[in-house]
Amino acid sequence: MPCPYLWSTCYKPVLIWDDAREGKDSKDKLVLEFTFTKPVLAVRMRHDKIVIVLRNRIYVYSFPDNPRKLFEFDTRDNPKGLCDLCPSLEKQLLVFPGHKCGSLQLVDLASTKPGTSSAPFTINAHQSDVACVSLNQPGTVVASASQKGTLIRLFDTQSKEKLVELRRGTDPATLYCINFSHDSSFLCASSDKGTVHIFALKDTRLNRRSALARVGKVGPMIGQYVDSQWSLASFTVPAESACICAFGRNTSKNVNSVIAICVDGTFHKYVFTPDGNCNREAFDVYLDICDDDDF
8 MPCPYLWSTC
18 YKPVLIWDDA
28 REGKDSKDKL
38 VLEFTFTKPV
48 LAVRMRHDKI
58 VIVLRNRIYV
68 YSFPDNPRKL
78 FEFDTRDNPK
88 GLCDLCPSLE
98 KQLLVFPGHK
108 CGSLQLVDLA
118 STKPGTSSAP
128 FTINAHQSDV
138 ACVSLNQPGT
148 VVASASQKGT
158 LIRLFDTQSK
168 EKLVELRRGT
178 DPATLYCINF
188 SHDSSFLCAS
198 SDKGTVHIFA
208 LKDTRLNRRS
218 ALARVGKVGP
228 MIGQYVDSQW
238 SLASFTVPAE
248 SACICAFGRN
258 TSKNVNSVIA
268 ICVDGTFHKY
278 VFTPDGNCNR
288 EAFDVYLDIC
298 DDDDF
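In my numbering, the protein residues as written are 8 to 302.
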């Protein structure tokens with residue numbers, strides 16, 4: 008899909024490779040290219056669709072054969088390219104920041120006709136701008152955090168009801184990543200504080216609570232603090248290095264793992280148990296695997 012205006016500046020394209028395709032180098036495996044006149048900030052994929060996020064617009068294309076544009080959504084200023092797409096076969100849910108500050112916009116792509124805009128389905132999640140958002144595998148729960156970065160809120164995508172409030176900490180932070188485990192039993196989050204937090208979702212009794220929860224009746228402001236839940240486990244990564252985190256395969260019934268990959272080239276794998284024990288199982292350092300000249 009070439010740049011539509013020859014006189015416009017075309018930014019780096021979105022390139023799709025077929026790794027199973029025979030060829031001597033990466034260029035032989037290139038199968039699709041999407042080019043835009045504005046920077047692409049994020050890409051999300053599922054087996055039948057690809058979503059491309061610009062600062063004020065989101066495009067949804069059919070995928071992989073003969074891609075065609077299905078939907079186009081105008082968004083609130085979205086400099087981080089926030090967006091998530093449900094991979095489930097049963098649900099085609101797309102979520103991104105809503106037009107109202109702190110809100111989430113949810114679109115069911117399966118029930119929206121191509122070329123039309125869907126009825127607004129909005130969750131008022133935060134008072135300040137959304138900084139991070141993630142859907143669980145079946146698309147039944149959405150998690151988000153605001154620019155303040157102290158709380159992670161989970162909502163039912165059907166009823167829009169808040170399910171639980173998780174507390175990362177008391178001081179502001181920038182969240183880099185939120186991810187659910189495959190079965191939605193746990194959630195992990197990383198921030199610029201250099202800590203990856205792990206929360207229990209299936210059995211929230213495993214999460215830590217404030218000591219004030221045992222005091223009894225407290226004021227409304229303190230009550231919000233007391234009611235929130237703290238992580239059951241955590242581990243540290245380089246504080247100045249942005250990282251993403253996700254759950255690995257379970258090594259046993261009661262042992263789970265979280266993997267964090269940082270921009271400084273470090274790889275961290277930690278295993279944790281329901282009682283909160285968390286230990287490093289693997290660590291490595293990776294060098295750059297390619298040059299900008301390859302693109």
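Note that beta-carbon positions come from the ideal geometry of N, C-alpha and C, so glycine has one too.
So the beta strand (DSSP E) F70 belongs to, where does it begin and stop? Judged by DSSP secondary structure, F70 falls outside any beta strand (DSSP E); it is assigned neither H nor E.
Can you tell me whether T82 is buried or exposed, with buried defined as 16 or more other CB within 10 angstroms of its CB? buried
What separation, rounded to the nearest whole angstrom, lies between the Cα atoms of R221 and Y183? With a pLDDT of only 48 at R221, under the threshold of 50, the placement of this residue in the model should not be trusted; the figure read from the coordinates follows. Approximately 33 Å between the Cα atoms of the pair.
Helix, strand or coil for D91, going by three-state DSSP, please let me know. strand
Looking only at its own chain, which residues have a Cβ that is under 7 Å from the Cβ of R51, when we skip the five neighbours before and after it? V58, C90, D91 and L92
DSSP-derived helix/strand/coil call for T202: strand
Near Q165, which residues of its chain fall below 8 Å by C-beta distance, leaving aside the five closest residues on each side in sequence? T147
Roughly how far, in whole angstroms, is the beta-carbon of L239 from the beta-carbon of A207, given that I think they are within contact range, below 8 Å? 5 Å
When DSSP builds the beta bridges, which residues end up paired with V292? When DSSP reads this structure, V292 sits in a beta bridge with T273.
Looking at the structure shown, is S264 part of a helix, part of a strand, or coil, going by DSSP? strand
Go through its chain and collect everything with a Cβ distance to Q99's Cβ below 6 Å, but skip five positions before and after it. So the list reads L116 and A117, once near-sequence residues are dropped.
Curious, which full-length beta strand (DSSP E) runs of at least 3 residues does the stretch 29-63 contain? 37-41, 49-53 and 56-60
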